[in-house]
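Residue numbers (the numbering used here): -19 to 590.
Note that beta-carbon positions come from the ideal geometry of N, C-alpha and C, so glycine has one too.
Predicted model only: the values in this text are computed from it and were never measured.
Below is one structure; the comments refer to it alone.
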Amino acid sequence: MNIDKTISKIFLRKTSKSPRKNAIGWIDQNELHFISNEEYMQKVRTLFYGLIAQGLSIQDKVAILGNSSKEWHFFDLASMCARAIVIPVYPTYLAHEVEYILNHSESSFLVLENESQLLKIIEVQDQLKYLKQIIGLKNVSEELILKLKEGISFLSLEQFIKLGQDEFQKSPKLFEESIYSSDPHDIASIIYTSGTTGEPKGAVISQKAFSAMLENVYNALRTNILPNDRSLIFLPLSHVLGRCDSFLNLIFELEGVYAESIDKVVDNLQIAKPSILISVPRIFEKVYSKIMDQIQKESDLKKKVFDWAQHASKVYFDKINHDKAPTTFEILQKNLAYKLVFQKIYNRFGGRIRFLVSGGAPLSPEIMSFLQFANLTILEGYGLTETIAPCVLNPVVRQIPGAIGLPLGDVQIKFAEDGEILVKTQALFSYYYKNDTATKESFNNEGWFLTGDIGELTPEGYIKITDRKKDIIITSAGKNVAPQKIENLLKLQKHISNALVVGDKRKFLVAILCLDRESFLDELDSMGISGRPDYETLAAQASIYQVLEKEVEMANAELASFESIKGFMIAPAEFTIENGQLTPSLKLKKKVILKTYANAIDALYKKLES
């Protein structure tokens, strides 16, 4: 298949090829609904004409602020068909963060989801220099619309669609003409990094680069993704991995179903029954924790059966993963383990999954192996905003737990002297918008992109990430410590939901831990704690500290002495997006957390050193 060099041309070819085939789906009142390729094209075309009627010009900026939905995706494509530049904005951003992105990108159009998002705009509208037009996807009260200042107009989706339908009658050929005129060098999108440090940077991505990413994915998976496949899309479309997921139906004949929300994914899996699911590790971590918690509540007999099933599966897959043939007995044991225990876990994902894809952050090898026991093939991959999501992926034929896989398509990888992963590919951002300094710092003299991730090759020749370069802890004794591995071990413990390892320029390591409050609720009576206390009250209990102390010891048992946690504190509140301690893609904002707890960390070290 020859992939076109612009998203709009790929879209037009795809929708014209099989007009009656199901393309996009969604869930409403526990029922699955679909539109055909022909209807898909018509919806995008109508929004295209609505934008044209509102005066959109080539390479104007259209920002989209809202949760993932088919409408978000339709506006994304419509804007690109009009040769505009799409600016995704995380729906969890606060008003001042939205203001920064709208002003920095010079966005004149804004598609927003609902009243809560409009309130953010009203809060900062006097500082918005470029915004002229807002389109609301859901109903917004007239009272709120009247609060918009002069110079910013508002249209409901219904009004906008009517405008687009009228405009189509005037220029019925303009849609195809605009698509045919699209240039591979057009800017397709400016995607702002979620900013673990400082202000977010806007990665400028061309149509050619977006198309190259899709071509790399197509070449890697063309024999593995089938016409009857279905994906469930639930990651934020403002995140580059979610955006990639939303575009997969353009190059494969699969059905892309939009989940109701990230909170309803578990329920939606049973309705949509996807065969492919793209996720981030945090979702798999939550599934794993919930299952392990439930096992602990079972009878001794069921626990023994579970332990046996894990062992039997481990023996089988250890051989498979090392290119060795299991014995007939081992195959029978593994099949029985699946039937008695792991099939139930497989069915939790809808019962049709052929493979899962995990990206956005490292996935614990323990969780990857556990899912493998349930016949859930999980392809761990790697990518960044700057590489437009996937540039490395474990192949379907063989996955190595703990490794991110092999380069996709035209992607070239090499390692710097300090182990930093360097990348060259057509599927790469062009530059950081209005930030020449950051652009220059991101490439070496030979034009290789500096990812900031430290890695190595496994004996099988797969790529493995050991940590983020900026996150490497150097103790006062000069030991280099990769905190990610330690944090993942801590998060595997039943009562720990999140962890941050501290120790740069210190004699030893300590950790800030977040409680998994739900995991304690059934144990509170036996611990002498009455009622259902909130997180902050629970975190202050001495008996809770003792539980976590034992779990830290369990994690330490798998670590070298210089990597072990010598002490910890329980965060009085969860790390969340709302309190600014997590990015919208659920990564730790380490600088923010360290600053928040600076005094408590100093006090902890003083106590441990005395």
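### Task
Take the Cβ of I573 as the centre, count every other Cβ of all protein chains shown within 10 Å, and call the residue buried at 16 or more, exposed below.
buried
### Task
List the whole-angstrom C-beta distance separating L212 from S226, where the pair is believed to meet the contact cut-off of C-beta under 8 Å.
That belief does not hold up - the Cβ atoms of L212 and S226 are roughly 12 Å apart, past 8 Å.
### Task
Would you list, in sequence order, the uninterrupted alpha helix (DSSP H) runs of no fewer than 4 residues that lie entirely inside the region 164 to 235?
187 to 201, 220 to 231
### Query
Which value, in whole angstroms, describes the spacing of the CA atoms of G585 and F429?
In the sequence under discussion, the amino acid at residue 585 is Tyr, which differs from the Gly named in the question. Straight-line Cα distance between these residues: approximately 38 Å.
### contact_flag[the region 269 to 288, the region 362 to 374] where n(CB pairs < 8 Å) is 3 or more
no
### Query
Considering R448, what are the terminal residues of the beta strand (DSSP E) in which it resides?
443 to 448
### Of the listed residues L566, D502, L493, nearest to A553 (C-alpha basis)
L493
#### Entry: Distance between beta carbons of K487 and T455, contact taken as under 8 Å
7 Å
### Message
Please return the same chain residues whose Cβ sits closer than 7 Å to the Cβ of G435, not counting the five positions on each side in sequence.
### Response
F395, G399, I401, I443, K444, I445, T446
### Query
Is the Cβ-Cβ distance between G591 and K153 less than 8 Å?
It is not possible to answer for residue 591, since the shown part of the chain is limited to -19 through 590.
### Completely contained beta strand (DSSP E) runs for the region 23 to 61, where each covers 3 or more residues
41 to 45
### Query
Closest by CA to A239, which one among L228, A252, L230?
A252
### Runs of beta strand (DSSP E) wholly within the region 227 to 292 (minimum 3 residues, chain order)
235 to 238, 256 to 259
### When V490, A519, D496, S523 are compared against D505, the one with the closest alpha-carbon
S523
#### Entry: Buried or exposed by the 16-neighbour rule on C-beta atoms within 10 Å, applied to I38
exposed
### Coil, strand or helix - A535 by DSSP
helix
### Query
Between L230 and G222, which are expected to be in contact by the criterion C-beta below 8 Å, what is the C-beta distance as a whole number of angstroms?
Not really, about 15 Å apart at Cβ, beyond 8 Å.
### Task
Report yes if the C-beta distance between S16 and N2 is below 8 Å; otherwise report no.
yes
### Query
Within 10 angstroms of its Cβ, does Q352 collect 16 or more other Cβ (buried), or is it exposed?
buried
### Message
Does I360 come out as helix, strand or coil in the three-state DSSP assignment?
### Response
Here the sequence assigns Glu to residue 360, which means Ile is not the residue at that position. The answer is strand: DSSP assigns E360 an E or B state.
### Query
In its own chain, which residues sit with a C-beta less than 8 Å from the C-beta of K449, not counting the 5 before and 5 after it?
D398, E400, G432, D433, I434
### Query
Leaving out five residues before and five after R(-7) in sequence, what residues of the same chain have Cβ atoms less than 7 Å from its Cβ?
D(-16)
### Task
Check whether the Cβ atoms of K571 and L489 sit closer than 8 Å, and answer yes or no.
no
### Query
Can you tell which of L528, L143, L320, T(-14) has its C-alpha closest to the C-alpha of L281?
L320
### Query
Using CA coordinates, which residue listed in E11, F190, S191, T405 is at the minimum distance from V391?
T405
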